[in-house]
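The next block holds one structure in the form of structure tokens; read it before the comments.
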């Protein structure tokens with residue numbers, strides 16, 4: 003079977019599962035909110051993987067932009083205009099703008115140093131959310147707002163009243179986002195990113211300004227992670243500083259690794275496993291941190307290529 | 027006002043000394059093995075809790091000597107079984123592993139010693155103020171500064187004067203050559219990791235007396251330690267020391283004038299350093315890759 | 003007019019002077035070889051020309067333009083391509099994918115999110131042409147990392163050619179190769195030089211290759227120019243024989 007056909011099959015399976023999720027989620031013991039969380043965090047992990055898997059740059063601070071998106075949408079709806087689309091636009095713009103500035107400061111660094119600086123910068127936004135009580139609600143989080151029904155002119159999408167409708171709204175945003183990322187990865191620009199991942203020195207001496215391309219990739223990645231952040235806040239009509247803390251960043255990275263960094267859909271699978279596991283663990287034990295921590299270690303030691311990496315390896319072996 | 031400023035500068039200096047102690051250990055491990063030890067804060071907390079557990083039997087002074095050593099031994103074991111398999115792989119993996127370990131250590135401390143802060147007795151001789159005017163100059167604070175000074179001096183002595191230290195420094199510059207010359211790199215990395223964890227343990231025993239001992243004590247110190255390394259200079263231990271003290275004092279001063287920016291100021295400093303000099307104040311050229 | 007003119011460049015690493023006041027002028031269409039014993043500063047000199055790091059002193063002029071201070075990727079855009087002593091390729095990509103990157107960069111598409119059908123067809127045709135020229139026909143779908151050393155080197159050279167350079171820098175193109183592979187690479191270089199009229203500067207250890215290919219030869223020793231001339235002149239130069247060939251024997 004050739005690769006293109008295999009890709010098409012994989013795409014068909016993924017979309018079939020996503021489109022029907024609200025119907026079978028209940029049957030396997032889940033609920034619609036869990037399905038939405040899978041899609042939202044899947045988008046976040048896939049966005050991170052645009053940078054991690056397809057550019058070869060490790061950011062351990064993506065929660066910052068996720069959180070900026072979340073606060074952006076929440077604060078817009080609470081203080082400015084009661085409009086979901088406008089809130090999303092503000093949230094994404096905030097996250098992307100922050101990424102442009104931070105990206106310009108860190109783009110000369112590589113490897114562990116890049117990772118370390120992204121962790122440190124992530125903390126800035128955590129402290130802003132934490133300290134700026136009167137507007138962000140500080141440690142208690144941003145409450146007192148709700149996602150708004152979307153007026154399309156000819157009809158109103160009541161995404162607040164119907165969880166299923168909100169699921170499809172989220173899925174539509176997800177679909178548009180991953181489509182853009184897929185197109186970019188297959189474009190000449192995307193190929194320069196893979197070239198940088200494979201051999202930075204070679205890429206430089208093929209005339210690619212590597213710093214510039216990494217910066218663009220970082221901003222694109224953060225743009226979509228902010229978008230995921232807005233959806234995450236809309237889901238619970240709430241956000242708090244934990245949405246942008248370093249542990250959330252670590253979760254995104256482990257989702258990407260768990261599913262398989264080198265494959266397009268891998269991080270979505272990783273997110274699904276992680277979300278379900280976290281949901282189950284936190285309802286069964288108080289020591290969920292230990293369980294998640296051990297889970298991290300086990301994956302790193304015994305499962306570094308992720309689910310899809312293992313499957314692919316088995317297929318070629 | 028002068029008194030208030032002095033008080034906060036001095037406070038900042040002590041906190042900076044903790045950052046520095048922690049960041050030096052992180053730097054040692056990062057420079058030789060390319061591992062970002064996210065669990066460093068967990069080791070710090072462990073050092074403090076071991077001291078807390080030992081104190082009824084050994085007293086403060088005994089705990090001060092024994093606890094960091096026990097922490098370091100635990101570090102040697104962790105390196106041997108969890109981190110060694112990851113050398114030569116993408117640094118992403120060791121970062122994720124230590125990230126998971128940080129979770130386990132924090133949660134473990136909560137499980138064993140409880141989520142609330144525990145009383146951490148300090149010898150009475152050290153708690154009395156030495157001066158009525160400068161009330162904050164307690165013996166314990168001066169003692170901490172002195173001890174951090176001794177620890178840093180000892181570290182630089184080991185690195186410059188002992189065979190192990192010289193091998194660590196040589197390995198930091200060129201691990202391959204050191205290995206060809208017949209040094210066992212595995213043991214070198216193991217001992218180096220232990221040394222770094224010793225510093226974390228020591229920082230824990232000291233910090234608990236000032237910051238209070240609860241399971242999250244290490245987590246609150248880890249990210250400033252990253253900032254210290256970046257500000258001070260990648261690959262440079264004197265730079266790391268300088269970075270730690272600088273951000274500590276800067277935070278202390280900011281507390282006086284603009285309290286809500288206490289944490290933010292160090293990140294502003296980091297941004298400025300990255301803008302003007304990406305390799306950090308005392309960083310070596312070519313270390314940013 | 004000289005394509006490349008290096009004036010009096012020096013590179014110091016701390017106290018070590020790796021390259022000491024070296025000048026070089028390469029005419030259009032020329033194939034210049036740089037030889038010299040190990041540690042003579044040949045690769046450092048190459049790194050200065052290609053912009054791997056800046057010189058401590060001196061200037062480098064390419065096509066009449068002072069490029070001493072501009073970064074490597076802009077030198078590439080001006081028409082300077084290079085290969086490395088240890089082959090630098092994208093080992094986990096196929097030959098075709100390796101070549102596609104420089105082909106698209108040369109077409110000015112490095113930032114494009116999209117390509118028209120016509121552009122795609124043009125790029126594909128160019129890739130086939132390059133594979134043919136490099137003797138890589140039929141290996142387009144193989145991962146480069148799995149190819150022989152000689153084919154990897156050929157891929158690297160063709161990636162540079164894909165950039166349509168005006169000057170090609172080759173750092174020991176036949177290093178570590180057997181006779182058969184050396185022969186193939188030598189023939190490829192000669193063809194690029196004779197038929198494509200490419201200006202080439204190469205560092206080489208294999209004297210058979212050097213004397214077979216070069217129009218002129220520069221000899222470096224201890225960071226400085228020891229001699230310069232045609233292969234015949236260098237072959238009979240006593241200084242060179244004493245300092246270089248003598249040491250090598």
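Residue numbers (this note's numbering), protein chains in the order written: chain A, 3 to 319; chain B, 27 to 315; chain C, 3 to 251.
Note that CB positions come from ideal geometry on N, CA and C, so glycine has one too.
Just so it is clear, the structure is predicted and the values come from calculations on it, not from any experiment.
{"Query": "Residues near residue 98 (chain C) by beta carbon distance below 8 Å, same chain, minus five either side", "Result": "129, 133, 142, 143"}
{"Query": "8 Å Cβ cut-off: residues of chain B touching residue 201 (chain A)", "Result": "Within chain B, no residue comes near residue 201 (chain A); the closest Cβ sits about 14 Å away, beyond 8 Å."}
{"Query": "Closest Cα partner of residue 296 (chain B) within the set A:46, A:126, A:73", "Result": "A:126"}
{"Query": "Where residue 207 (chain B) falls: helix, strand or coil (DSSP)", "Result": "coil"}
{"Query": "N-terminal and C-terminal residue of the beta strand (DSSP E) that residue 25 (chain C) is part of", "Result": "18 to 29"}
{"Query": "Classification of residue 148 (chain C) by the beta-carbon crowding that lies within 10 angstroms, buried from 16 upward", "Result": "exposed"}
{"Query": "Residue 104 (chain B), DSSP secondary structure in three states", "Result": "helix"}
{"Query": "Residue interval of the beta strand (DSSP E) (run including residue 28 (chain A))", "Result": "Looking at the DSSP string, residue 28 (chain A) is not in any beta strand (DSSP E), and its letter there is neither H nor E."}
{"Query": "CA-to-CA distance, residue 304 (chain A) to residue 315 (chain A), given in whole angstroms", "Result": "14 Å"}
{"Query": "Chain-ordered chain A contacts of residue 102 (chain C) [CB-CB under 9 Å]", "Result": "190, 193"}
{"Query": "8 Å Cβ cutoff met for residue 243 (chain B) and residue 96 (chain B)", "Result": "no"}
{"Query": "Contact residues within the region 104 to 134 of chain C, judged by C-beta distance below 7 Å to chain A", "Result": "104, 106, 107, 111, 112, 113, 114, 115, 116, 117"}
{"Query": "Segment limits, beta strand (DSSP E) that includes residue 219 (chain C)", "Result": "218 to 223"}
{"Query": "Cβ neighbours of residue 22 (chain C) in the same chain (closer than 7 Å, five flanking residues each side left out)", "Result": "12, 225, 226"}
{"Query": "Partner residues on chain C for residue 197 (chain A), Cβ-Cβ distance less than 7 Å", "Result": "92, 103"}
{"Query": "Proximity of residue 16 (chain A) and residue 105 (chain A) at Cβ, strictly below 8 Å", "Result": "no"}
{"Query": "Under 7 Å from the C-beta of residue 211 (chain A): neighbouring residues of chain C", "Result": "75"}
{"Query": "Chain B within 8 Å of residue 306 (chain A), Cβ atoms only", "Result": "yes"}
{"Query": "Residue 229 (chain C) vs residue 242 (chain C) beta-carbon contact at 8 Å", "Result": "yes"}
{"Query": "Under the three-state DSSP convention, the category residue 214 (chain A) falls into", "Result": "helix"}
{"Query": "Per-residue contacts from residue 216 (chain A) into chain C (C-beta, under 7 Å)", "Result": "Result: empty, since nearest Cβ-Cβ is about 13 Å, beyond 7 Å."}
{"Query": "Neighbourhood of residue 306 (chain B) by C-beta, 8 Å cutoff - its chain only, sequence neighbours within 5 removed", "Result": "255, 256, 257, 258, 259, 260, 262, 265, 269, 299"}
{"Query": "The region 39 to 64 of chain A: positions lying closer than 7 Å to chain B by Cβ", "Result": "60, 62"}
{"Query": "Residues near residue 57 (chain A) by beta carbon distance below 7 Å, same chain, minus five either side", "Result": "195, 198, 199, 216, 219"}
{"Query": "Residue range of the beta strand (DSSP E) that includes residue 179 (chain C)", "Result": "Note, residue 179 (chain C): premise wrong, no beta strand (DSSP E); not H, not E."}
{"Query": "Secondary structure of residue 88 (chain C), DSSP reduced to three states", "Result": "coil"}
{"Query": "Cβ pair residue 254 (chain A), residue 64 (chain A) closer than 8 Å", "Result": "yes"}
{"Query": "Length-filtered (4 minimum) alpha helix (DSSP H) runs lying within the region 132 to 181 of chain B", "Result": "150 to 153"}
{"Query": "For residue 90 (chain A), the nearest candidate out of A:34, A:59, A:226, A:44 (CA to CA)", "Result": "A:226"}
{"Query": "Interface partners of residue 41 (chain B) on chain A, CB under 7 Å", "Result": "By Cβ distance, chain A contributes nothing, its closest Cβ being about 16 Å from residue 41 (chain B), past 7 Å."}
{"Query": "Beta-carbon proximity list for residue 10 (chain C), same chain, < 8 Å, skipping 5 on both sides", "Result": "23, 24, 25, 59, 60, 61"}
{"Query": "Where the beta strand (DSSP E) containing residue 7 (chain C) begins and where it ends", "Result": "4 to 15"}
{"Query": "Element boundaries [alpha helix (DSSP H), containing residue 312 (chain C)]", "Result": "The requested residue 312 (chain C) is not part of the displayed model; chain C covers only 3 to 251."}
{"Query": "First and last residue of the uninterrupted alpha helix (DSSP H) at residue 34 (chain C)", "Result": "Here residue 34 (chain C) belongs to no alpha helix (DSSP H); instead the beta strand (DSSP E) covers 33 to 37."}
{"Query": "Under 8 Å between C-beta atoms of residue 67 (chain A) and residue 252 (chain A)", "Result": "no"}
{"Query": "Counterpart residues of residue 205 (chain C) in DSSP-defined beta bridges", "Result": "C:36, C:173"}
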